[in-house]
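These notes concern the structure reproduced below.
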Amino acid sequence: MIVGPIKTLFMDDISTGLDSSTTFQIVNSLRQAIHILGGTAVLSLLQPAPETYELFDDIILLSDGHIVYQGSRTHAPQFFESMGFKCPERKGYADFLQEVTSRKDQHKYWVGEHEYRYIPIMEFVDAFHSFHEGEKLKEEMSVPFDRSKSHPSALVMSKYGIKRIELLKACAWRELILIKRNSIVYAFRAVQVALMSFITMTLFLRTNMHGESVIDGGIYMGFLYYSVLIMLINAFSELALTIVNLPIITKQRDYHFYPAWAYTIPMWLLKIPFSFSETSIWLLLNYFAIGLDPSIERFLKCYILLVVTNQTSVGLFRVMAAIGRVMAVANAYASLAFGLSIVLGGFLISHDDLKKWWVWAYWLSPLMYSQNAISVNEFLGTNWNRMIPNSNVTLGIQILESRGIVPEANRYWIGVVVLLAYVLLFNFFFTLTVSYAKKIGRDNQVISKETLREKRICITGKHEDSSFEGNNSTHKHEYKNKVIDLSHESKGMVLPFIPLVVAFDNISYSIDMPQEMKEMGAKDDRLKLLNGVSGSLRPGILTALMGVSGAGKTTLMDVLAGRKTGGYTEGNITINGYPKQQEAFTRVLGYCEQNDIHSANITVYESLVFSAWLRLPPDVDAPTRKMFIEEIMELVELSSIRKALVGAPTEEFGLSLEQRKRLTIAVEIVANPSIIFMDEPTSGLDSRAASIVMRTVRNIVDTKRTVLCTIHQPSIDIFEAFDERIPVWWRWYYWACPVSWTLRGLIETQYGDDMAYLDANQTMAQFIKSHFGFSHDHLEEPAVMVAFFAVLFPTVFAVAINLDRNGGPPLFAELVYLVHNPVPVHLARVRWGLYWRHLLTAEVMANISRMYVDFFCMAGDSFLLKYDMVLLVCFNIAPIPVPEASISNINGSWKLVRSSLLHQPQCQSNLLPAFARSSQDMDPFV
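Spelled out as structure tokens, the structure:
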């Protein structure tokens, strides 16, 4: 769209199916282009990441058809805080904007002084008009446009960017490319004509044909009728080709790429040669082999007539495609037109046998003119000019009169002219239809009365009647506190299932190297899409499969599900420790694809009943099946729309995208699977709808099912719906790990008081508290824990040494011996060369890390603290003379005490480079 001279861009949901990084790059590129070129862009995005939201200059917040806010992005928080709402610290502001006007989510952000009450949309609108951004907008709109400041060249004087002849050339060039890309269709049509010609030639071979009577003439007329019919049938493929291109034509027409005639004229003219080629194949194989009039004049006249007949048929099917626009509807129209043409063509039923009220249809049938013209051309020739005994007319004339055809030579030219008129008429109607055809789908959305009432309440804040208010308040309370109790005590469902663990080890998947890549220099025979992927999926754990677009998320999921029918798969997949058997695995697997495919004309409940009927075991009786369906509908929150029609995605009625996603999940759940794979369940949804879907997924996981989801652009709410990276049963390791406590103490001391802002509403201390769980006010805890570990580990080591002691002097005597033993003797035993090497290595590594510290900011310093911890631990791994302690009569406890004290200079020397490196960044309090 931005290739041309367009300065104003309107883009709708351009981030659907893209990861956050790609969306950021696209929006950033658009931002730079708009700022540099001075254009205007309006974008609507679903689930924009915070960094993407920060790229925008102005924000337009639309809710139920009303503009709630329109102005600078930086002033939006001020407006909503004046209304009593504030975005939480870890909440993306774009997500906050989408939920703050929602009747079901608004209460979560209330920070006003008074008790919360629902703020309707119209109250937001009125408040915005009095806000300084609203007043500024009103003032700008009240000033008339000054044309004197505009350059005359800025005014658009033409509807299209180039001349008409250039439009025609561009569309003709594109049509040639499309013909080349669809060459298989035209090749198949030629093969079809050749095959039918060969079969027809063997049936009507001239050695078996006789021209002695009217009956023989009827057989020849049957071949002529079949020739016309072949030309009619062979154009049927034009129906599908036209329907496929219609959405593109309509879109480009609406965007003023070109007028409709610039597309239809090249489409018509460039396909005329195919009519000549197909007619040539048919006549060259049949005309002389069957024994038609050998005159070259009549052969050429027959040839021209069949070409025009084929073009008439092509035009007819194009008109049917443009009127129907959907394959099923267009097929019905084309079949009706085709059937009427055959019946009223003058061969199956002659003109004399037709009822009077059908004569008008006979004269309107294109096939009739073609049949009469080709018959006159043949039977007025030399083969049929012999006189019949006892008659003054020729055999050919008698054959024509027997079928109700006027035996006049001008009937041929009348037929050709009428067919040419039909060609022009059909192509004109096709152009006219394409020019004014509207977008496929209904203009108005069909919604229920309850939904309409809910929308009115959200806009005005007024309830229409008390009964509805009571029902709605109850529904709101249930919705707000919607957490289905499926704990271990109450999760027993109507139909039990076995929780399963999926483990995959060293999974690799490759395909044959595409020919295009080989031409570009690729030497391998296979292209590897997955390389040594390992992992596990557990019951009750919601696992997120994330990665940039093209990383292989869907490929990995398809490989695990056994849905890949081609390629080469390597690795091991086990289910509860047993090798996966695909036949059994499909019975316990539910797979929710990214595209929601449902029957449009049935209700939500009927969709679930049909799925359960086909997929549940036959031993499940009808009452149990119905109870299970009701339970699943409650689980995925579909009970309120159970009677709603599903509808089609291309039509603006039926379920919303978020409801269709939940229905897709429910259709799989009613099969009672133990494992569920979901391919991008939040794709194409805004943040609020995605949160509803993820809440449904979370409810399913709480039933102890194994769930794997691929996901793009997760907001903080969606990301927190997934389980922690560290399972609950491994958290004890955090509390028992000295490195974690030491790292916690270092981070608290260095960043607890840092007031560098991560964003406008969050300090570094708040980030550390929310991200790591650390608090500067609890510095004593890690200090005590680190000291405790410093005493605990030597004590455990000493006890372990004493287990091998075979007796010895009293402990006090050993202490006296160790104290009187000269310290320099022990120091001489210590390898000071190792100490100096440690010190030198630490200094070098500290300087290297110092070179890169400026690239990290807070995250970089956090990384360097972890790096220092690993460095110090590795440097202090030294051989301890355990045999000396265990073999001698000296108690290991006292020896360990002295050894620990004498090794402190080495530990402190290793610390010096790290702290010297961070002297400019770290808190001097340490």
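Numbering-wise, the UniProt record's numbering puts 350 at position 350 of the sequence shown, and it's gapless, one number per residue. Built from N, CA and C at the ideal position, the CB exists for glycine as well.
_Through-space distance from I177 to I726, alpha-carbon basis_ = On the sequence shown, position 726 is the one that residue 726 refers to. On the sequence shown, position 177 is the one that residue 177 refers to. Note that I726 scores 38 on pLDDT, short of 50, meaning its location in the model is unreliable; the coordinates nonetheless yield the value given after this. Answer to the nearest angstrom: the Cα atoms are 55 Å apart.
_Rounding to the nearest angstrom, what Cα-Cα distance links V559 and T603 in this structure?_
Taking the sequence shown and counting its residues from 1, one reaches residue 559 at position 559. Taking the sequence shown and counting its residues from 1, one reaches residue 603 at position 603. In a straight line, the C-alpha of V559 is about 33 Å away from that of T603.
*Please name the residue or residues paired with L645 in a DSSP beta bridge.*
Residue mapping note: residue 645 aligns to position 645 of the sequence shown, counting from 1. DSSP, once it has assigned bridges, lists T603 as partnering L645.
*Could you give the distance in angstroms between the alpha-carbon of A240 and the alpha-carbon of T565?*
Indexing the sequence shown from 1 puts residue 240 at position 240. Indexing the sequence shown from 1 puts residue 565 at position 565. In a straight line, the C-alpha of A240 is about 28 Å away from that of T565.
*Look at the Cβ atom of L380, then the Cβ atom of A334, and state whether they are nearer than 8 Å.*
Residue numbering aside, residue 380 sits at position 380 when the sequence shown is read from its first letter. Residue numbering aside, residue 334 sits at position 334 when the sequence shown is read from its first letter. Not a contact, by the Cβ cut-off of 8 Å.
*Just tell me which of F317, V111, A437 and Y509 has its CA closest to the CA of Y422.*
For the purposes of this step, residue 422 is taken as residue 422 along the sequence shown, with counting starting at 1. Measuring from the Cα of Y422, the nearest candidate turns out to be F317.
*Would you kindly check if the distance between the Cβ of R662 and the Cβ of E637 is under 8 Å?*
By one-based count along the sequence shown, residue 637 stands at place 637. By one-based count along the sequence shown, residue 662 stands at place 662. A contact, by the Cβ cut-off of 8 Å.
*Output yes or no for whether 8 Å exceeds the beta carbon distance between W384 and I405.*
Counted from its first residue, the sequence shown places residue 384 at position 384. Counted from its first residue, the sequence shown places residue 405 at position 405. Not closer than 8 Å, so no.
*Tell me whether K661 counts as near the ligand MN, meaning its Cβ is closer than 7 Å to at least one heavy atom of that ligand.*
Of the ligands one can find in the structure shown there are none, so the ligand MN has no counterpart to examine.
_If you reduce the DSSP assignment to three classes, tell me which class L62 lands in._
Within the sequence shown, numbered from 1, the residue matching residue 62 stands at position 62. Of the three classes helix, strand and coil, the one that applies to L62 here is strand, per DSSP.
*Helix, strand or coil: which one does DSSP assign to R526?*
Locating residue 526 in the sequence shown gives position 526, counting from the first residue. Correct three-state label for R526: strand.
*When burial is assigned at 16 or more other CB atoms within 10 Å of the CB, is H598 buried or exposed?*
The residue given as residue 598 occupies position 598 in the sequence shown. By the neighbour-count rule (16 or more Cβ atoms within 10 Å), H598 is buried.
*Alpha carbon to alpha carbon, what distance is there between R642 and D227?*
Taking the first residue of the sequence shown as position 1, residue 227 is located at position 227. Taking the first residue of the sequence shown as position 1, residue 642 is located at position 642. Reading the sequence as shown, one finds Ser at residue 227 and not Asp. Spanning the two alpha carbons is a distance of roughly 55 Å.
*What residue range is occupied by the uninterrupted beta strand (DSSP E) comprising A544?*
As a first step, residue 544 must be located in the sequence shown, where it is residue number 544. Here the beta strand (DSSP E) through A544 covers L542 to L545.
*Decide if residue 997 is buried, meaning its Cβ has at least 16 other Cβ atoms within 10 Å, or exposed.*
Residue 997 is absent from the model: the chain starts at 1 and stops at 926.
*In three-state terms, what does DSSP make of A41?*
What you label residue 41 is simply residue 41 of the sequence shown in a count that begins at 1. DSSP places A41 in strand when its eight states are reduced to three.
*Kindly indicate which three-state DSSP category C709 falls into: helix, strand or coil?*
One-based indexing of the sequence shown puts residue 709 at position 709. C709 falls in the strand class under three-state DSSP.
*Paired residues, beta bridge with Y509 - DSSP*: The residue labelled residue 509 in the question sits at position 509 within the sequence shown. Answer is L530 and T569.
*For the candidate residues A330, G567 and P259, whose alpha-carbon lies nearest to that of M432?*
Translated into positions along the sequence shown, residue 432 becomes position 432. What sits at residue 432 in the sequence shown is Leu, not Met. The option with the nearest alpha carbon to L432 is P259.
*Taking the beta strand (DSSP E) that I675 falls in, what are its first and last residues?*
The sequence position of residue 675 within the sequence shown is 675, counting from 1. I675 to D679 is the extent of the beta strand (DSSP E) around I675.
*Starting from the C-beta of K186, find all residues in its chain whose C-beta is less than 6 Å away, skip the five residues before and the five after it, and write them out in chain order.*
Working through the sequence shown from its first residue, we reach residue 186 at position 186. The residue you asked about is not Lys; residue 186 is Tyr in the sequence shown. Once the five neighbours on either side are set aside, the close Cβ partners of Y186 are F274.
*Assign V111 to one of three DSSP states: helix, strand, or coil.*
Position 111 of the sequence shown, counted from the start, is the residue given in the question as residue 111. Coil, per DSSP.
*Going by other Cβ atoms of all chains shown within 10 Å of its Cβ, with 16 needed for buried, is Q371 buried or exposed?*
Translated into the one-based positions of the sequence shown, residue 371 becomes position 371. So Q371 counts as buried.
*Excluding the 5 residues preceding and the 5 following Y568 in the sequence, name in chain order all residues of the same chain whose CB lies nearer than 6 Å to its CB.*
Here the question's residue 568 lines up with position 568 in the sequence shown. Only S510 meet the Cβ criterion.
*How many angstroms separate the CA atom of V548 from the CA atom of H114?*
For this step, residue 548 is matched to residue 548 along the sequence shown. For this step, residue 114 is matched to residue 114 along the sequence shown. Each residue's Cα considered, the two are about 45 Å apart.
*Compute the distance between the beta-carbons of V314 and L542, then report whether it is under 8 Å.*
Taking the first residue of the sequence shown as 1, we reach residue 314 at position 314. Taking the first residue of the sequence shown as 1, we reach residue 542 at position 542. In this structure, L542 does not lie closer than 8 Å to V314 by Cβ.
*How far does the alpha helix (DSSP H) with D95 in it reach, from first residue to last?*
Translated into positions along the sequence shown, residue 95 becomes position 95. Counting along the chain, the alpha helix (DSSP H) containing D95 begins and ends at Y93 to E99.
*asked:* Using 8 Å as the cut-off, can you tell me whether the stretch 614 to 629 makes contact with the stretch 690 to 704, which would need three or more C-beta pairs spanning the two stretches below that distance?
replied: no
_Minimum length 4: unbroken alpha helix (DSSP H) runs contained in the stretch 127 to 198_ = 132 to 142 and 164 to 181
_Would you call the stretch 122 to 135 in contact with the stretch 65 to 81, where contact means no fewer than 3 C-beta pairs closer than 8 Å?_
yes
*Which same chain residues, not among the five before or five after T554, have their C-beta less than 7 Å away from its C-beta?*
Residue 554 sits at position 554 when you count from the first residue of the sequence shown. Only D679 and T710 meet the Cβ criterion.
*Are the CB atoms of G506 and G590 nearer to each other than 8 Å?*
Residue numbering aside, residue 506 sits at position 506 when the sequence shown is read from its first letter. Residue numbering aside, residue 590 sits at position 590 when the sequence shown is read from its first letter. The amino acid at residue 506 is misidentified as Gly; the sequence shows Asn. No, the pair does not count as a contact, with Cβ atoms beyond the cut-off.
*Closest to residue 931 by CA distance: which of V111, T200 and A671 is it?*
Past the edges of the chain, shown from 1 to 926, lies residue 931, and the structure says nothing about it.
*Count the other CB atoms within 10 Å of the CB of I6; is the residue buried (16 or more) or exposed (fewer)?*
Looking up residue 6 in the sequence shown gives position 6. Label assigned to I6: exposed.
_Alpha-carbon spacing of V100 relative to I67, whole angstroms_ = Here residue 100 refers to the residue found at position 100 of the sequence shown. Here residue 67 refers to the residue found at position 67 of the sequence shown. So the alpha carbons of these two residues sit roughly 13 Å apart.
*Just checking my contact of R403 with G346 at CB under 8 Å: how many whole Å lie between their CB atoms?*
Walking along the sequence shown from the start, residue 403 turns up at place 403. Walking along the sequence shown from the start, residue 346 turns up at place 346. The pair is a contact, with the Cβ atoms about 7 Å apart (cut-off 8 Å).
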